[in-house]
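For the sequence shown, the working numbering begins at 265 and goes up steadily by one. Take a look at the structure below.
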Amino acid sequence: GSDAGTIERWSSNGSGDLNPSKFHGGGHVHDAAVTAVTCTSSGTIASGGGDGAINLWNVTGDEKLRTIPFAHVGSVHDLAASADGTMLASCGE
265 GSDAGTIERW SSNGSGDLNP SKFHGGGHVH DAAVTAVTCT SSGTIASGGG DGAINLWNVT
325 GDEKLRTIPF AHVGSVHDLA ASADGTMLAS CGE
């Protein structure tokens, strides 16, 4: 994540090199710093921000799937997804 509210997505070309690409999600993915990111086994990215929101994204299409606008009253500090991708846990203020 970043202070600019954006996420960098990194992919491997198979030789161990990592190539960055912006994960746009239509621009800034949060109205404040991105403070937590996790990926699920189903290909979803969950992001948490200083705005207290949690967003779910389609990792391949940069499409926002869902927003939980006030998941926390302050910053989201961490996110964790269950192995099967059916649960998401968050902690924050």
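Note that CB positions come from ideal geometry on N, CA and C, so glycine has one too. Please read all numbers here as calculations on a predicted model, not as lab measurements.
Check: Extent of the continuous beta strand (DSSP E) to which THR302 belongs; Outcome: 298-303
Check: Identified DSSP bridge partners for VAL340; Outcome: GLY356
Check: Bridge partners - LEU320, DSSP secondary structure assignment; Outcome: ALA310 and ARG330
Check: VAL298 and GLY316 closer than 9 Å at C-beta; Outcome: no
Check: Given GLY338 as reference, the closest of GLU357, THR324 and ILE309 once Cα atoms are compared; Outcome: GLU357
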